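Residue numbers (this note's numbering), protein chains in the order written: chain A, 146 to 283; chain B, 588 to 766. One structure below.
Here's what the structure looks like:
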């Protein structure tokens, strides 16, 4: 028993370091990746069989020493940029990234133009109207 | 800007918006462009569905234009597309290899004897690991692979007779004639 103790401690240490830590890494990565079966869920949220397989795949690869980047590259190579919840900035995605800002600037410009242009001339009142208004205000 | 031209501009924007939304509705969000098109078909070495002691690799198809069809006995759309796959295989335009996905032999083999077996052979991917390499996410999926082992086309979901006629057959003919 005593002979195996160092090995056991080492094993427990490794298991401990891998357990919660690995779980968190798997989960963090899975939250960045789209489940392609139910497209508006992440791999972390989905219970589709493929999502389970892919989560296992992530776990296996991280366990085997792969970095987060490696796993993401693995997924993109198979499923395309669509698996990424945060799409990369590329020529094909420029409209996606810049679009909202273009519309925002356009909106502000239109708004400014409308607001600054609305300089209505002061309405001229006749004497009769003036006295009527004064009467109403009394 | 006159009231009239302003009306036209507004109307123009509205029509543009409607056109954009209509185009968006017409797109199928399931059709995710595969990054695998134009890339070599991922390597596999899997046991045969019908003979567990024998294995098959995609390498054995080098020099041939062929179709890889991912199917499973538990997948109703696979049954829907089955006549189309059968007709394609019967036409002799290209050999069809089946990739039996996350299935059980005692389910898959009766499925084939019940519905007919159009496949030159089916490989058995019980864990679905090879399917991940092929980017499979919705069975059935169909791949066209050329003589050099490069994926040329991928269809996700059941193959219809129309898609087979309009997309697959012309591509297969072109590839067969040396393309």
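Cβ coordinates follow ideal geometry from the N, Cα and C atoms, glycine included. Treat the numbers as computed from the prediction; the structure is a model and nothing was measured.
Handout entry: 8 Å Cβ cutoff, residue 189/A in contact with chain B
Key = To locate residue 189/A, count along the first chain from 1; it is residue 44. Not closer than 8 Å to any Cβ of chain B, the Cβ of residue 189/A fails to qualify, so no.
Exercise for the section: Give the straight-line distance between the Cα atoms of residue 720/B and residue 223/A, rounded to the nearest whole angstrom. Expected result: Taking the first residue of the second chain as position 1, residue 720/B is located at position 133. Taking the first residue of the first chain as position 1, residue 223/A is located at position 78. A straight-line Cα-Cα distance of about 6 Å links residue 720/B and residue 223/A.
Practice task
Return the chain-ordered list of same chain residues with a C-beta closer than 6 Å to the C-beta of residue 172/A, the five sequence neighbours on each side being excluded.
Solution key: If you number the first chain from 1, residue 172/A lands on position 27. Once the five neighbours on either side are set aside, the close Cβ partners of residue 172/A are 189.
Problem - Every unbroken beta strand (DSSP E) within the region 680-720 of chain B, with a cutoff of 3 residues, ordered by chain - result: Segments of the beta strand (DSSP E) lying fully in the region 680-720 of chain B: 683-688 and 708-712.
Problem - With 16 other Cβ atoms within 10 Å as the buried cut-off, status of residue 686/B - result: The residue labelled residue 686/B in the question sits at position 99 within the second chain. By the neighbour-count criterion, in which a residue is buried when 16 or more other Cβ atoms sit within 10 angstroms of its Cβ, residue 686/B is buried.
Exercise for the section: With a cut-off of 8 Å on the beta carbons, I'd call residue 645/B and residue 630/B a contact; round off their distance for me. Expected result: Locating residue 645/B in the second chain gives position 58, counting from the first residue. Locating residue 630/B in the second chain gives position 43, counting from the first residue. That belief holds up - the Cβ atoms of residue 645/B and residue 630/B are roughly 6 Å apart, short of 8 Å.
Handout entry: Rounded straight-line distance, which links the Cα of residue 175/A to that of residue 161/A
Key = Stepping through the first chain from its first residue, residue 161/A is reached at position 16. Stepping through the first chain from its first residue, residue 175/A is reached at position 30. Caution is warranted here: a pLDDT of 46 is assigned to residue 161/A, below 50, making its placement in the model unreliable, and no coordinate value can be reported.
Exercise for the section: Please list, in chain order, all residues of the same chain as residue 206/A whose beta carbon is under 8 Å from its beta carbon, the five residues on each side excluded. Expected result: As a working mapping, residue 206/A is identified with position 61 in the first chain. Only 215, 216 and 219 meet the Cβ criterion.
Exercise for the section: Please classify residue 162/A: does DSSP put it in a helix, a strand, or coil? Expected result: Numbered from its first residue, the first chain carries residue 162/A at position 17. At residue 162/A, the pLDDT of 48 sits below 50, so the modelled position is not reliable; the number obtained from the coordinates is stated separately. DSSP places residue 162/A within a helical segment (H, G or I) once states are collapsed to three.
Exercise for the section: Identify the contact partners of residue 724/B in chain A, using a Cβ-Cβ distance below 8 Å as the criterion. Expected result: Within the second chain, residue 724/B is the residue found at index 137, counting from 1. Near residue 724/B (Cβ distances below 8 Å), the residues of chain A are 181, 182, 195 and 224.
Handout entry: Stretch-stretch touch, CB-based, cutoff 8 Å, three pairs: the region 708-715 of chain B with the region 597-615 of chain B
Key = A contact is defined here as three or more CB-CB pairs under 8 Å, and the region 708-715 of chain B fails this definition with respect to the region 597-615 of chain B.
Exercise for the section: Would you grab the beta carbon distance between residue 757/B and residue 744/B for me? Rounded to a whole angstrom, and I think it's under 8 Å. Expected result: In the second chain, counting from the first residue as 1, residue 757/B sits at position 170. In the second chain, counting from the first residue as 1, residue 744/B sits at position 157. Here residue 757/B is actually not in contact with residue 744/B; their C-beta atoms are around 20 Å apart, not less than 8 Å.
Handout entry: Proximity of residue 653/B and residue 732/B at Cβ, strictly below 8 Å
Key = Reading the second chain from its first residue, position 66 is the one you call residue 653/B. Reading the second chain from its first residue, position 145 is the one you call residue 732/B. Going by C-beta atoms, residue 653/B is nearer than 8 Å to residue 732/B.
Practice task
Pull up the distance between the alpha-carbon of residue 142/A and that of residue 606/B, whole angstroms please.
Solution key: Absent from the model: residue 142/A. The displayed extent of chain A is 146 to 283, so no value can be given.
Problem - residue 755/B, buried or exposed, once every other Cβ within 10 Å from all chains shown has been counted against 16 - result: The sequence position of residue 755/B within the second chain is 168, counting from 1. Buried is the call here.
Practice task
In the DSSP assignment, find the beta strand (DSSP E) that holds residue 731/B and state where it starts and stops.
Solution key: Here residue 731/B refers to the residue found at position 144 of the second chain. Residue 731/B -> beta strand (DSSP E) spans 728-732.
Exercise for the section: Look at the Cβ atom of residue 627/B, then the Cβ atom of residue 737/B, and state whether they are nearer than 8 Å. Expected result: In the second chain, the residue the question calls residue 627/B occupies position 40. In the second chain, the residue the question calls residue 737/B occupies position 150. A contact, by the Cβ cut-off of 8 Å.
Problem - Cα-Cα separation between residue 204/A and residue 695/B, rounded to whole angstroms - result: Within the first chain, numbered from 1, the residue matching residue 204/A stands at position 59. Within the second chain, numbered from 1, the residue matching residue 695/B stands at position 108. For residue 204/A and residue 695/B, the distance between alpha carbons rounds to 30 Å.
Practice task
Identify, in the order they occur along the chain, each residue of the same chain with its Cβ nearer than 6 Å to the Cβ of residue 170/A, setting aside the five sequence neighbours on each side.
Solution key: By one-based count along the first chain, residue 170/A stands at place 25. Beyond the five residues adjoining it in sequence on each side, residue 170/A comes within less than 6 Å, by CB distance, of 207 in the same chain, given in chain order.
Practice task
For residue 86/A, go through chain B and note every residue whose CB falls closer than 7 Å to its CB, in chain order.
Solution key: Any question about residue 86/A goes unanswered here, given that chain A covers just 146 to 283.
Practice task
State yes or no: is the beta carbon of residue 622/B nearer than 8 Å to at least one beta carbon in chain A?
Solution key: The count along the second chain starts at 1 and reaches residue 622/B at position 35. For residue 622/B, the answer is yes, since a Cβ of chain A falls inside 8 Å of its Cβ.
Practice task
Give the range of the alpha helix (DSSP H) segment to which residue 239/A is assigned.
Solution key: In the first chain, residue 239/A corresponds to position 94, counting from 1. Its alpha helix (DSSP H) spans residues 239-262.
Handout entry: Alpha-carbon to alpha-carbon, residue 246/A and residue 704/B
Key = Position 117 of the second chain holds residue 704/B. Position 101 of the first chain holds residue 246/A. So the alpha carbons of these two residues sit roughly 55 Å apart.
Practice task
For residue 656/B, write down the residues that DSSP places opposite it in a beta bridge.
Solution key: Here residue 656/B refers to the residue found at position 69 when the second chain is read from its first residue. In the DSSP assignment, the residues bridged to residue 656/B are 685/B and 729/B.
Handout entry: Residue-chain proximity (residue 221/A, chain B), Cβ-Cβ < 8 Å
Key = As a position in the first chain, residue 221/A is number 76, starting the count at 1. Closer than 8 Å to some Cβ of chain B, the Cβ of residue 221/A qualifies, so yes.
Problem - Proximal residues to residue 702/B (C-beta, below 8 Å), its chain only, five neighbours per side dropped - result: Stepping through the second chain from its first residue, residue 702/B is reached at position 115. Cβ within range, chain order: 666 and 669.
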